[in-house]
Amino acid sequence: VPVAEIERLRGAGGSDQLSARNRFAGVIRRVEVEGLLAQVEIDVTEPARLVAIITRDSAEQLGLKPGMSAVGVVKATSVMVER
-3 VPVAEIERLR
7 GAGGSDQLSA
17 RNRFAGVIRR
27 VEVEGLLAQV
37 EIDVTEPARL
47 VAIITRDSAE
57 QLGLKPGMSA
67 VGVVKATSVM
77 VER
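Start counting the sequence shown at -3; every next residue gets the next number (this note's numbering).
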């Protein structure tokens, strides 16, 4: 990716200008490079809250109650890594 495209996507002020809300800062745990790809694993270090809008039926079927453990899944077509 050309540097100019990265700068365009970052905006004039850098990473603070990105519009993505599902950004979780952390520490890189592992980097695996194979061929043209690299897999980066990041341990999230800052507290975060995920909010999902689901149907009432789904919430009832899952038996969701405050205090229960659950997993919030952020579905996206890509994940960007910034430093």
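Beta carbons are placed, not taken as given, at the ideal position from N, Cα and C, and that holds for glycine.
| Query | Result |
| --- | --- |
| If you reduce the DSSP assignment to three classes, tell me which class Glu28 lands in. | strand |
| Anyone know if the C-beta pair for Val77 and Val36 falls short of 7 Å? | yes |
| Please report the residue range of the beta strand (DSSP E) in which Ala0 lies. | Here Ala0 belongs to no beta strand (DSSP E); instead the alpha helix (DSSP H) covers -1 to 6. |
| According to DSSP, is Ala21 part of a helix, a strand, or is it coil? | coil |
| Look at the Cβ atom of Ala34, then the Cβ atom of Val27, and state whether they are nearer than 7 Å. | yes |
| For a quick check, are the C-beta atoms of Ile24 and Ile2 less than 7 Å apart? | no |
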